[in-house]
Amino acid sequence: MILLAQHDWNLKPNSDFNSQENVFDARAELPDFSKIKNTKEKKVKFFEFLRPKIRRANQKIKYQQVLLQKLTSEVESDSYHADNSKKKLIRLGVSYGLKKENVLEQLNELSIRIDIIPEALVLAQAANESAWGTSRFSVQANNLFGQWCFTKGCGLVPKNRNKNAKHEVQKFQSIQSSVTSYMKNLNSNRAYKSLRTIRSSLRQQGRMIKGSKLAEGLKSYSERGDAYVEEIIRMIRQNQLE
Numbered sequence: 009m010i011l012l013a014q015h016d017w018n019l020k021p022n023s024d025f026n027s028q029e030n031v032f033d034a035r036a037e038l039p040d041f042s043k044i045k046n047t048k049e050k051k052v053k054f055f056e057f058l059r060p061k062i063r064r065a066n067q068k069i070k071y072q073q074v075l076l077q078k079l080t081s082e083v084e085s086d087s088y089h090a091d092n093s094k095k096k097l098i099r100l101g102v103s104y105g106l107k108k109e110n111v112l113e114q115l116n117e118l119s120i121r122i123d124i125i126p127e128a129l130v131l132a133q134a135a136n137e138s139a140w141g142t143s144r145f146s147v148q149a150n151n152l153f154g155q156w157c158f159t160k161g162c163g164l165v166p167k168n169r170n171k172n173a174k175h176e177v178q179k180f181q182s183i184q185s186s187v188t189s190y191m192k193n194l195n196s197n198r199a200y201k202s203l204r205t206i207r208s209s210l211r212q213q214g215r216m217i218k219g220s221k222l223a224e225g226l227k228s229y230s231e232r233g234d235a236y237v238e239e240i241i242r243m244i245r246q247n248q249l250e
């Protein structure tokens, strides 16, 4: 039995993806949070700005789960012969960094990778990495999560980058694309396999997917390792994000 088939990931066509709170301009510019001097107010505004974008990105993931569930059903019913379905599976796998030849292995691994990132974790990491939306990279590159890229000109060069280093801090067209890319990174990068394993285990146990729990799989996100993980968990708790 493929893991995905154990979860209730069905979505209705008119889900809350189009609800009033999620209707917004995906290209909305980052507000100037540096002008907000009251710390509490700044935090509230920062979270309010990001929440609809997080929900939009997670809703996209849920639609991909529905597609994967359909492909899974076709495999289990022995109807996996349609070229169109095969192309969709290959395309979906490539987008999540997978190139497994065995169809069942591909579906099983995708069921682990294609899953939501808890809002609490996204908010805490965005606040931490972007200094509450005031960092140079968040303001100039729409990059809230410190994501790197390795093609010359793909982003901004860090001022303290080592002489022989080639990385840049990736530039995004919008904050929405930054959030979406960050989620795809956690769901596909081998460095965060432990995060996905924790999430998959919680799913199998029927437990809530909590950001503070998934944060334990972020040791590779920062050179600070365990100290970084502890800080993210502390931010989640101090700001009552879950």
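Every number in this note's numbering is 8 more than the matching position in the sequence shown, counting from 1. Ideal Cβ placement from N, Cα and C applies to all residues, glycine included.
Looking at the structure shown, is Q212 part of a helix, part of a strand, or coil, going by DSSP? helix
Kindly give me the distance between the Cβ atoms of Q133 and I217, rounded to whole angstroms, as I take these residues to be in contact under 8 Å. In fact, because the Cβ distance is near 15 Å, the residues do not count as touching under 8 Å.
Please report how far the alpha carbon of I183 lies from the alpha carbon of N66, in whole angstroms. 14 Å
Tell me which same chain residues have a C-beta within less than 7 Å of the C-beta of L194, skipping the five on either side of it? I125, Y200, L203
Out of curiosity, what's the CA-to-CA distance linking R242 and K94? 44 Å
Going by DSSP in three states, E56 sits in which element: helix, strand or coil? helix
Would DSSP call E231 helix, strand or coil? coil
Buried or exposed, going by whether 16 or more other CB atoms sit within 10 Å of the CB of S220? buried
So the candidates are N92, S103, S230, F57; which of them puts its Cα closest to the Cα of K192? S103
CB contact flag (L100, Q73, <8 Å): no
Cα-Cα, which of L164, Q181, T188 is closest to K174? L164
Continuous beta strand (DSSP E) stretch holding Q178: start and end: 176-178
Between the C-alpha atoms of T188 and K70, what's the straight-line distance to the nearest angstrom? 13 Å
Going by DSSP in three states, G154 sits in which element: helix, strand or coil? coil
What is the residue span of the alpha helix (DSSP H) that F145 lies within? 144-149
Verify whether the separation of the beta carbon atoms of L38 and S146 is less than 8 Å. yes
Local conformation of L38 per DSSP, three classes: coil
Taking the alpha helix (DSSP H) that S196 falls in, what are its first and last residues? 183-196
Please report the residue range of the alpha helix (DSSP H) in which S220 lies. 219-222
Test item: CB-CB of A135 and F54 under 8 Å: yes
W156 and V130 closer than 8 Å at C-beta: no
Span separating the alpha-carbon of L222 from that of A139: 21 Å
For a test of the three-state rule: what should DSSP assign to L164, helix, strand or coil? strand
Close Cβ partners of T142 (< 7 Å) along its chain, the five nearest in sequence each way excluded: F41, S42
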